[in-house]
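Residue numbers (this note's numbering): 1 to 307. Taking it in order: structure first as structure tokens, then the write-up.
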């Protein structure tokens, strides 16, 4: 008996499905951009009620728990290849534990707008570290982009809108977090090729949570529980779950249907969107120096990422 012959779908139906997939992909990237942009605001709100070290440790631990739950729900198990446990521990320490801690502490001493534009330097930090490790070659155009961004950082350092506003110490701590995350990106490259993205991030976050567990246990004993409102608690939970796992899942879904080069466009929307949210929630002041510095940073990153 002959099997049924399935006629191909009409071109119009296939085109319609492709458009729907593309629409879902762009909606996913938009959601990821919103989640990441709002993450800085959520952390800033949490810091108003929760000590900074406790906030950093709880963010990592809750994010690790969220990713581990998602990973095991898909049937995943902890399976490490020989000799790679130390690598994950090193990535968890430098790339996540110190990165998250530096960003959280920095955000406690600077504004959302400053933090997100300093954070936008991640691609340049990755480029420099990859060049130092012999993984990348820096062209003249990329050097020009780096110079533009550094000039922008100088304008941010000179930006002092108010006594209670951003400080260079806070910006420097955020920059330290950028350097740590660049380490995570460059030195985790070989492992990313061996593990799925969800598996790699789950292992890395679990390692980071392990490093911060003594700090977390100590901070939990002196948390001002009676002073933490629903706003502070929800902000922390949002940052650790939606701001990390949610953004990751939205981007991971979108990259199934769009090229990474197209998705990268959304990277440039995160700092302006986060700045707008900072204005809305904290009435932050934008000076001419800040606007010029922010424009130079984004322009420098854009130029440096050209190939």
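We put the CB at the ideal spot given by N, CA and C, even for glycine.
Grab me the residues of residue i's own chain with a C-beta within less than 7 Å of its C-beta, minus the 5 sequence neighbours each way, in chain order.
| i | result |
| --- | --- |
| residue 19 | none |
| residue 1 | With a pLDDT of 46 at residue 1, under the threshold of 50, the modelled position of that residue is not reliable, and the figure given next carries that caveat. Result list for residue 1: empty, nothing under 7 Å. |
| residue 247 | 32, 35 and 36 |
| residue 306 | 141 |
The alpha helix (DSSP H) with residue i in it runs from where to where?
| i | result |
| --- | --- |
| residue 60 | 52-73 |
| residue 274 | 270-282 |
| residue 293 | 288-304 |
| residue 203 | 197-220 |
| residue 240 | 230-240 |
| residue 77 | From DSSP, residue 77 is part of no alpha helix (DSSP H); its letter is neither H nor E. |
| residue 114 | 112-119 |
| residue 102 | 98-107 |
| residue 149 | 140-157 |
| residue 87 | 85-90 |
| residue 169 | 168-187 |
Between the beta-carbon of residue i and the beta-carbon of residue j, is there less than 8 Å?
| i | j | result |
| --- | --- | --- |
| residue 181 | residue 95 | yes |
| residue 149 | residue 296 | yes |
| residue 127 | residue 133 | no |
| residue 152 | residue 102 | no |
| residue 45 | residue 167 | no |
| residue 207 | residue 70 | no |
| residue 72 | residue 191 | no |
| residue 178 | residue 122 | yes |
| residue 210 | residue 92 | yes |
| residue 129 | residue 174 | no |
| residue 66 | residue 299 | no |
| residue 301 | residue 76 | no |
| residue 184 | residue 99 | yes |
Please return the same chain residues whose Cβ sits closer than 8 Å to the Cβ of residue i, not counting the five positions on each side in sequence.
| i | result |
| --- | --- |
| residue 266 | 29, 30, 32 and 33 |
Take residue i and list the residues in its own chain whose beta-carbon comes closer than 6 Å to its own, dropping the five residues that flank it on each side.
| i | result |
| --- | --- |
| residue 142 | 304 |
| residue 270 | 33, 36 and 37 |
| residue 212 | 57, 60 and 97 |
| residue 222 | none |
inquiry  = I'd like to know if the region 48-56 and the region 94-112 are in contact, where contact means that at least 3 CB-CB pairs between them fall below 8 Å.
reply    = yes
ask   = If we count Cβ pairs, one from each stretch, closer than 8 Å, do we get three or more for the region 227-243 versus the region 59-78?
value = yes
task = State whether the region 196-216 contacts the region 34-44, with contact taken as three or more CB pairs (one from each stretch) at a distance under 8 Å.
result = no
query = Are three or more beta carbon pairs between the region 114-124 and the region 145-159 nearer than 8 Å?
reply = yes
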